[in-house]
Amino acid sequence: TARQYAGGAGTQTAGLACGGNAPPHTNVTEEYNGSGWANGGNLNVTRGYNAACGPQTAALTFGGEAPSVPAEDATEEYDGSSWTNGGNLNEGNYAIMGAGTQTAAVAAGGASDSPPTSKSTVAEYDGSSWTNVTSMPTAFSYGVGFGLQTAANIVGGTSPTSNRNLEYDGTNWTTGGSLNTGRAGLGGSGITTAGLVFGGTEPARSTKTESYN
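Here the sequence shown stands for residues 2 to 214, where the numbers follow our numbering.
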């Protein structure tokens, strides 16, 4: 299913894409095995602009924009075949950024539609519920997250500092090395000492890939 603004998780040989804008919004999940894509279990909540993290067989997706809810708070957990509802975010966000695993995730920033405003809010997930923690030093959305709950990077996003790279250690936020090319709506994966980001808008669509050490 062709789409944009989907949640992505997993690894190069066991990847996952869930939701997105087809358009309109879709609930389709697809799994990648290193060579081809196959349909997995559909999301319970149709949405795009959602974040996702974790491995293919224990993934998590949260936030996004649903057809009837501009800023979605629903969280869902994937077991490799089907999605189960988890604990809702404390507030609805779309274009949200996240990292971690199904039982130890971090959700950062994003935007709401009442009015459309980027946020600096951060919450951690323990496998059942979200708890608000230290906010990011700046509010933004449309970036990408990678890494773990205690060693995460939130990168890129909305202007004026779209080359930002914020590092989270599970308690505090610090500034990491900036992107060479600032952009929003980019993809990414990896860990804080071996990250990869790609694509996005500069504002023109970008083909650039950058690695982080």
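Virtual Cβ for every residue (Gly too), placed ideally from N, Cα, C.
- In the displayed model, Val145 falls within a strand according to three-state DSSP.
- DSSP, read as helix, strand or coil, puts Ile97 in coil.
- Ranked by Cα distance from Thr172, the options Trp84, Val156, Met137 are led by Met137.
- No residue range can be given for Ala72, since it is assigned to no beta strand (DSSP E) and is classified by DSSP as neither H nor E.
- Secondary structure note for Gly189: its beta strand (DSSP E) is the uninterrupted segment 188-192.
- Apart from the 5 residues on each side of it in sequence, Ile155 sits with its Cβ closer than 6 Å to the Cβ of Met98, Ala109, Gly144, Gly146, Leu167 in its chain, given in chain order.
- Spanning the alpha carbons of Arg206 and Arg184 requires a straight line of approximately 9 Å.
- Thr12 is a Cβ neighbour of Pro56, given a cutoff of 8 Å.
- Cβ-Cβ separation between Gly93 and Glu73: approximately 5 Å, consistent with a contact (criterion under 8 Å).
- For Val156, the pairing in a beta bridge is given by DSSP as Val145, Asn166.
- The C-beta distance from Trp84 to Asn45 rounds to 5 Å, short enough to meet the 8 Å contact threshold.
- If you ignore the 5 residues before and after Asp170, its C-beta comes within less than 8 Å of the C-beta of Thr151, Ala152, all in its own chain and listed in chain order.
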